[in-house]
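Novice:
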Amino acid sequence: MKEETGVLGLSTIRRNRGISLEQIANSTKISIRSLEAIERGDFAKLPGGIYNTSYIKQYARAIDYDESVLLAVYQNSVAASGAGAQANRSGKDNYGGGFRAVSGTLGL
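Per the numbering used here, the very first residue in the sequence shown carries number 1339; after that it's consecutive.
1. Within 8 Å, do at least three Cβ pairs link the stretch 1378-1394 to the stretch 1408-1422?
2. Just reading off the alpha helix (DSSP H) that I1357 is part of, what are its end residues?
3. Can you find the residues in the same chain that come closer than 8 Å, C-beta to C-beta, to I1357, ignoring five residues on each side of it along the sequence?
4. Return the CA-CA distance between G1386 and S1392, expressed in angstroms with no decimal places.
5. From which residue to which residue does the alpha helix (DSSP H) around L1373 run?
6. Taking Cβ to Cβ, would you say I1362 is nearer than 8 Å to Y1397?
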């Protein structure tokens, strides 16, 4: 049997309940790729914005799972990736400097 690599064992729960990704995709109109990303916890593969929370809620409802638990995992993931981005900021970007004053090259 394949080892579960996703978040909270979602694919195992879904399969144990006899629900296919195709069934969820048909009922929710969410792509199978996005549904697989949710199961893996690879939230960066989702379209972004309000779609992410909507997709996560719809997926949880489709497999009869507590959506607040799955949303908490998503929020923690977003917070962790945001903290990592903040930790990488040192006032400089990869182009050799931070924000610079507007120069007069446009004749303004």
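Glycine included, C-beta positions come from ideal geometry on N, C-alpha and C.
Every value quoted in this text rests on a predicted model; they were computed, and no experiment measured them.
Specialist: In terms of the structure at hand:
1. yes
2. By one-based count along the sequence shown, residue 1357 stands at place 19. Run containing I1357: none; DSSP gives neither H nor E here.
3. Numbered from 1 along the sequence shown, position 19 holds the residue referred to as residue 1357. Once the five neighbours on either side are set aside, the close Cβ partners of I1357 are A1400 and I1401.
4. For this step, residue 1386 is matched to residue 48 along the sequence shown. For this step, residue 1392 is matched to residue 54 along the sequence shown. Rounded to the nearest angstrom, the two C-alpha atoms are 10 Å apart.
5. By one-based count along the sequence shown, residue 1373 stands at place 35. Unbroken alpha helix (DSSP H) run through L1373: I1370 to R1378.
6. Stepping through the sequence shown from its first residue, residue 1362 is reached at position 24. Stepping through the sequence shown from its first residue, residue 1397 is reached at position 59. In this structure, Y1397 lies closer than 8 Å to I1362 by Cβ.
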